[in-house]
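Sequences listed follow chains P and V, in order.
Going by the working numbering, the first sequence opens with residue 557, and the numbers climb by one from there.
Going by the working numbering, the second sequence opens with residue 13, and the numbers climb by one from there.
Some notes on the structure that comes next.
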Amino acid sequence: MSTIPPPVEQPGHHEGGVTDAENSIELKEIAGLSQGQIVRKRFFRHRGALISMVVLAFIIVLAFTSVGVAFGSWKSGGWWPYTWNIAVAIENGGRPTLSLFPFSIGNHPFGQDEIGRDIFAVVMRGTQQSLMIMVIVGAIATFIGTVIGAISGYYRGWTDSVLMRFTDIIITIPVIVIGAVLGRRFGISGAPVLAIILGLVLWTGLARLVRGEFLSLREREFVDAARVAGARDRRIIFRHILPNAIGVIIVNSTLLMAAAILIETGLSFLGYGVQAPDTSLGKIISENQVAFSTRPWLFWWPGLFIIAIALCINFIGDGLRDAFDPRQRRMPTDKALSRATFVTEKSA
Amino acid sequence: MATFIVRRLIASIFIFLAATYLMYILTALSGDPLEDLRTSTAPNKQQLIEARTALLHLDVPPYLRYFIWIAGVGKCFIGQCDLGVTVQNQPVTVLLAQAAGSTLQLVTIASVIAIILGLVVGITTALRQYSGYDYGVTFLSFLFFSLPIFWVAVLLKQFVAIGFNDFLSDPQIAPWIIPILAVISGLIWMSILPGKGRRKLITFAAAALASAAVIIYMDLSDWFSYPHIGIVGVALTLVGAAFGVTTISTGLKNRRALYASLVVAGIGVAAWYPFIYFTTGLPFWGWIGIGVATVLVALGVGWFMGGDDRRPVARTAAIVGFIAFSVLSLDRFMQVWDDYANSGRIKGRPIATIGSGTPGLEGSLWVHGVDLFTHLLLPTLALILISFATYTRYSRASLLEVMNQDYIRTARAKGLTERTVVVRHAFRNALIPIATIVAFDIGGIIGGAVITERVFGWTGMGALFQNGLDHVDPNPVMAFFLVTGSLAILFNLIADLVYAGLDPRIRVS
Chain P
557 MSTIPPPVEQ PGHHEGGVTD AENSIELKEI AGLSQGQIVR KRFFRHRGAL
607 ISMVVLAFII VLAFTSVGVA FGSWKSGGWW PYTWNIAVAI ENGGRPTLSL
657 FPFSIGNHPF GQDEIGRDIF AVVMRGTQQS LMIMVIVGAI ATFIGTVIGA
707 ISGYYRGWTD SVLMRFTDII ITIPVIVIGA VLGRRFGISG APVLAIILGL
757 VLWTGLARLV RGEFLSLRER EFVDAARVAG ARDRRIIFRH ILPNAIGVII
807 VNSTLLMAAA ILIETGLSFL GYGVQAPDTS LGKIISENQV AFSTRPWLFW
857 WPGLFIIAIA LCINFIGDGL RDAFDPRQRR MPTDKALSRA TFVTEKSA
Chain V
13 MATFIVRRLI ASIFIFLAAT YLMYILTALS GDPLEDLRTS TAPNKQQLIE
63 ARTALLHLDV PPYLRYFIWI AGVGKCFIGQ CDLGVTVQNQ PVTVLLAQAA
113 GSTLQLVTIA SVIAIILGLV VGITTALRQY SGYDYGVTFL SFLFFSLPIF
163 WVAVLLKQFV AIGFNDFLSD PQIAPWIIPI LAVISGLIWM SILPGKGRRK
213 LITFAAAALA SAAVIIYMDL SDWFSYPHIG IVGVALTLVG AAFGVTTIST
263 GLKNRRALYA SLVVAGIGVA AWYPFIYFTT GLPFWGWIGI GVATVLVALG
313 VGWFMGGDDR RPVARTAAIV GFIAFSVLSL DRFMQVWDDY ANSGRIKGRP
363 IATIGSGTPG LEGSLWVHGV DLFTHLLLPT LALILISFAT YTRYSRASLL
413 EVMNQDYIRT ARAKGLTERT VVVRHAFRNA LIPIATIVAF DIGGIIGGAV
463 ITERVFGWTG MGALFQNGLD HVDPNPVMAF FLVTGSLAIL FNLIADLVYA
513 GLDPRIRVS
């Protein structure tokens, strides 16, 4: 993955064939670039991922600046006039005031609930919580998964057996089940605690993947070279093998974060997730699902935000996969291919 | 191989024991099982607490109480299962037997449909990489992947069930909808089928006109009130199936296979009249028996017409036979639709939003089949949407990776037809990673069914689990986990074996 070998003239290989053309297109694209630059270039070519990055950034900025943030007693205000926990007089029957033709936001663009809380503020607060849970879960699960996978893949033998059987035990219990059991106990302690708990059970898939990656990377020559040069295990693991496995880790931790946000909403829906007075997008939906026929906006907006966040993260993950994984390279278009064939034929 | 299986089996048993132990402890420590009694104001409070303590062995600490439970489970091997009692003193074994049926039914049907759909769509998108169809499916599968299942479920209830039931009370399609549907159908077919320029336009026009004709026919013949396929529809479908299956399975050049499947299709059409009108009192096993007999007859036809190439011909004929049986059964189920929808218990609103069956419904196998269908429709749709996305992505990626291998290039260079290259060389190898992913997924699907069941008011294992957890009562929770956990382990084991069976490299190491 670190270097792509130059094309070698093979005996019997037809000169100027399609394969050479494909290679020359690919080589021209990456000539003189570092690994990081290649990855960045490939990522920015993935239009879905790029748009998703912009949308996600917009959602994050919107959620954190509009209603401000609150940690316990410390609060900072935002530019939105209403807050998520204070009810105001109901206008317009609580219906959303947002209209596109002519465009106007109105006082309560997402509407109000039955006691008059502004749904925009509620949804923004829920988005904040869901994003925070997502980041914590992603960080913890990635850390544990990487460490366990790395150790068991690098040392093999007994260490590997013990760690992988432990992983098997956790993986046997469906995530939603163990999440519900733990959430019932710890959900009351607040959203961050719930996020930590979820992170502690979601690392299993990543650990298996990282282990597989380490098992194959540890046999490569550069690891032997490092060992001969006298590097200790810790240095080999973290400085030599881990950077080569970083693609798998980054891609899967993004996908894991998308899964985490859905699991959190599912748990909150069952009643084992985030507990009042905290809120999250899943909790808003589950509180309001009976009101669907009378106040559908209580249901639409939080759902749309969950989907938007999960969709963005999934697309970013897909873009990263394309960028890191040379096997899933993009097939050149017919036009580019014929041009390249022409060039190689001329030079040959 | 035998030592490999035995070693995996022993490891699986230990993993199972450890996982149940962990789960038991976590559940027992998740709260206070006596909480409701401690805060109660009943005069005999002390007595009640003692009674519950004795009932659930609460005087034994959880890490030892587990062994009381596992001893009861162990008795299953001598035929006397004892999974303990719930807080309300109901035996969990009986509750589990009632609950497991409906949940497993739901999960099995949803998984099978999702796997088949996911494979088909994944493979077709991989073969049409970077087409409009590919991009469309990719976007849709990402969207489905990002949907919270309960959110979808509420939408399905609102729009599919209530909306469709409203539509059924007066099934008239507005004239302006017909061209829209026709254009959509034309666009879909145009993006799926190969070709460029003129060919695309022809595909689009043919598909749009055909769809418009079918919709107008359905509208005029009041099809939605009296759905049917009819002998003409059955004949058309089966001949189409004979050609389609032969094309994929052996290629149309294999005339023997084509004629054998056409003969089977003819038998199916001939069986239409007796099957529709003389099966009113058919028991369930009779129906299954007819199905097995049909496939066997088709196998026989293929075998006798196969000449020196029996196996592929018999296989092709058997697949057509199965399709014939399915189409005939579908038509038979449709025959009772009107009776079902207008019966006293349904009252013209057939698509159900709650529960797993209409209580007190009487009627033949066919009526119960339709009842099952209307109740399974929404939860199955909800479950399929989510897992379908995963399978599509995986099978697409897997097939693409295989199609870029050198041996595919070799196969093409040998002059093999594209069908042989895709079906024989690529598809089989692409199945290897998919098989393992499907197996790993099963446990997760049952877990996801907890939420689906809750939304649709099923009294299945999800309810058992939730009630148990709400009362900090490990016995029902563990009964739930006993089923999901052992299924997960079983399928992991199967995945390992399938992997070893499909990929010789695994066996060597």
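Don't be surprised by glycine CBs; every beta carbon is placed ideally from N, CA and C.
Exercise. When burial is assigned at 16 or more other CB atoms within 10 Å of the CB, is residue 584 of chain P buried or exposed?
Worked result: What you label residue 584 of chain P is simply residue 28 of the first sequence in a count that begins at 1. The residue in question, residue 584 of chain P, is exposed, as its Cβ has fewer than 16 Cβ neighbours within 10 Å.
Exercise. Name the chain V residues whose beta carbon is nearer than 7 angstroms to that of residue 724 of chain P?
Worked result: Translated into the one-based positions of the first sequence, residue 724 of chain P becomes position 168. Near residue 724 of chain P (Cβ distances below 7 angstroms), the residues of chain V are 27.
Problem set entry | Cutoff 7 angstroms: residue 845 of chain P Cβ touching any chain V Cβ | Here residue 845 of chain P refers to the residue found at position 289 of the first sequence. It does: the Cβ of residue 845 of chain P has a partner Cβ on chain V nearer than 7 angstroms.
Exercise. Is DSSP giving residue 668 of chain P helix, strand or coil here?
Worked result: Indexing the first sequence from 1 puts residue 668 of chain P at position 112. Residue state, collapsed to three classes: strand.
Problem set entry | Members of the stretch 47 to 71 of chain V that neighbour chain P once the beta carbon cut-off is set at 8 angstroms | none
For this session: Output, in sequence order along the chain, the residues in the stretch 808 to 828 of chain P whose CB is closer than 8 angstroms to any CB in chain V.
Result: 814, 818, 821, 822, 825, 826 and 828
Exercise. So, helix, strand or coil for residue 787 of chain P, using DSSP?
Worked result: Counted from its first residue, the first sequence places residue 787 of chain P at position 231. Residue 787 of chain P: coil per DSSP, three-state reduction.
Exercise. For residue 104 of chain V versus residue 488 of chain V, is the C-beta distance shorter than 7 angstroms?
Worked result: Along the second sequence, one-based indexing puts residue 104 of chain V at 92. Along the second sequence, one-based indexing puts residue 488 of chain V at 476. Cβ distance < 7 angstroms, so residue 104 of chain V and residue 488 of chain V count as in contact.
For this session: Say whether chain P places a C-beta atom closer than 7 angstroms to the C-beta of residue 496 of chain V.
Result: Taking the first residue of the second sequence as position 1, residue 496 of chain V is located at position 484. So yes, residue 496 of chain V belongs to the interface.
Exercise. Is there a Cβ from chain P that is less than 7 angstroms from the Cβ of residue 163 of chain V?
Worked result: Residue numbering aside, residue 163 of chain V sits at position 151 when the second sequence is read from its first letter. Yes, because at least one Cβ of chain P sits closer than 7 angstroms to the Cβ of residue 163 of chain V.
Exercise. Between residue 301 of chain V and chain P, is there a C-beta pair that is closer than 7 angstroms?
Worked result: For the purposes of this step, residue 301 of chain V is identified with residue 289 of the second sequence, where counting begins at 1. Residue 301 of chain V does not count as touching chain P.
Exercise. Pick from P:820, P:843 and P:879: whose alpha carbon is nearest that of residue 159 of chain V?
Worked result: By 1-based counting over the second sequence, the position of residue 159 of chain V is 147. When each option's Cα is compared against that of residue 159 of chain V, the closest is P:820.
Exercise. Does the beta-carbon distance from residue 858 of chain P to residue 826 of chain P come in below 7 angstroms?
Worked result: The residue given as residue 858 of chain P occupies position 302 in the first sequence. The residue given as residue 826 of chain P occupies position 270 in the first sequence. Against a cut-off of 7 angstroms, the Cβ pair of residue 826 of chain P and residue 858 of chain P comes out as no contact.
Exercise. How would you list, in chain order, the residues of chain P whose beta-carbon sits under 9 angstroms from the beta-carbon of residue 166 of chain V?
Worked result: The residue you call residue 166 of chain V lines up with position 154 of the second sequence. Residues of chain P passing the Cβ test: 841, 845, 848, 855 and 859.
For this session: For residue 878 of chain P, count neighbouring Cβ atoms within 10 angstroms of its own Cβ and tell me buried if that reaches 16, exposed if not.
Result: As a first step, residue 878 of chain P must be located in the first sequence, where it is residue number 322. With 16 or more other Cβ atoms within 10 Å, it is buried.
For this session: May I ask which residues mark the beginning and end of the alpha helix (DSSP H) holding residue 522 of chain V?
Result: Absent from the structure is residue 522 of chain V, since the part of chain V shown begins at 13 and ends at 521.
For this session: Going by DSSP, name the residue or residues bridged to residue 103 of chain V.
Result: The residue labelled residue 103 of chain V in the question sits at position 91 within the second sequence. BP columns for residue 103 of chain V point to V:97.
Exercise. Which one or two residues does DSSP pair with residue 674 of chain P in a beta bridge?
Worked result: Taking the first sequence and counting its residues from 1, the one referred to as residue 674 of chain P is at position 118. Note: residue 674 of chain P sits in a beta bridge opposite P:668.
Exercise. According to DSSP, is residue 626 of chain P helix, strand or coil?
Worked result: To locate residue 626 of chain P, count along the first sequence from 1; it is residue 70. Three-state result, residue 626 of chain P: strand.
Problem set entry | Chain-ordered neighbours of residue 871 of chain P on chain V, where CB pairs are closer than 7 angstroms | Residue numbering aside, residue 871 of chain P sits at position 315 when the first sequence is read from its first letter. Here the neighbours are 154.
Exercise. With a cut-off of 7 angstroms, does the C-beta of residue 462 of chain V fall near any C-beta of chain P?
Worked result: The count along the second sequence starts at 1 and reaches residue 462 of chain V at position 450. At least one chain P Cβ lies under 7 angstroms of residue 462 of chain V.
Exercise. Three-state secondary structure (DSSP) at residue 265 of chain V?
Worked result: By 1-based counting over the second sequence, the position of residue 265 of chain V is 253. Correct three-state label for residue 265 of chain V: coil.
Exercise. Which ranges would you report for the alpha helix (DSSP H) in the stretch 457 to 508 of chain V if only whole runs of at least 4 residues count?
Worked result: 473 to 482
For this session: Please list, in chain order, all residues of the same chain as residue 331 of chain V whose beta carbon is under 7 angstroms from its beta carbon, the five residues on each side excluded.
Result: As a working mapping, residue 331 of chain V is identified with position 319 in the second sequence. Contacts found: 257 and 261.
Exercise. Which of the three DSSP states, helix, strand or coil, is assigned to residue 208 of chain V?
Worked result: Taking the first residue of the second sequence as position 1, residue 208 of chain V is located at position 196. In the structure shown, residue 208 of chain V sits in coil (DSSP, three-state: anything other than H, G, I, E or B).
Problem set entry | Cα-Cα separation between residue 292 of chain V and residue 347 of chain V, rounded to whole angstroms | Along the second sequence, one-based indexing puts residue 292 of chain V at 280. Along the second sequence, one-based indexing puts residue 347 of chain V at 335. Taking the straight line from one Cα to the other gives about 11 angstroms.
Exercise. Is it a yes or a no for the stretch 471 to 479 of chain V touching the stretch 115 to 123 of chain V, going by three-plus beta-carbon pairs under 8 angstroms?
Worked result: yes
Exercise. What residues from chain V crowd round residue 867 of chain P, counting only those whose CB sits closer than 7 angstroms?
Worked result: Within the first sequence, numbered from 1, the residue matching residue 867 of chain P stands at position 311. By Cβ distance, chain V contributes 154, 155 and 158.
For this session: Kindly say whether residue 652 of chain P, judged by its beta-carbon, lies nearer than 7 angstroms to any beta-carbon of chain V.
Result: Residue mapping note: residue 652 of chain P aligns to position 96 of the first sequence, counting from 1. No, because no Cβ of chain V sits closer than 7 angstroms to the Cβ of residue 652 of chain P.
Exercise. Using DSSP with H/G/I as helix, E/B as strand and the rest coil, what is residue 359 of chain V?
Worked result: Along the second sequence, one-based indexing puts residue 359 of chain V at 347. Reduced to three states, the DSSP call for residue 359 of chain V is coil.
Exercise. Between residue 659 of chain P and the rest of its own chain, which residues show a CB-CB distance below 7 angstroms, the 5 nearest in sequence each way excluded?
Worked result: The residue given as residue 659 of chain P occupies position 103 in the first sequence. Cβ within range, chain order: n/a, list empty.
For this session: Could you give the DSSP three-state label for residue 57 of chain V: helix, strand or coil?
Result: Along the second sequence, one-based indexing puts residue 57 of chain V at 45. Residue 57 of chain V: helix per DSSP, three-state reduction.
Exercise. Of all the CB atoms in chain P, is at least one closer than 7 angstroms to the CB of residue 30 of chain V?
Worked result: On the second sequence, residue 30 of chain V is found 18 positions in, with the first residue counted as 1. At least one chain P Cβ lies under 7 angstroms of residue 30 of chain V.
Exercise. Around the C-beta of residue 769 of chain P, are 16 or more other C-beta atoms found within 10 angstroms, so that it is buried, or is it exposed?
Worked result: Taking the first residue of the first sequence as 1, we reach residue 769 of chain P at position 213. Buried.
Problem set entry | Between the CA atoms of residue 411 of chain V and residue 420 of chain V - distance to the nearest angstrom | Along the second sequence, read from residue 1 onward, the residue named residue 420 of chain V stands at position 408. Along the second sequence, read from residue 1 onward, the residue named residue 411 of chain V stands at position 399. Cα to Cα, residue 420 of chain V sits roughly 11 angstroms from residue 411 of chain V.
Problem set entry | Burial state of residue 813 of chain P (16 or more Cβ within 10 Å) | To locate residue 813 of chain P, count along the first sequence from 1; it is residue 257. Burial call: buried.
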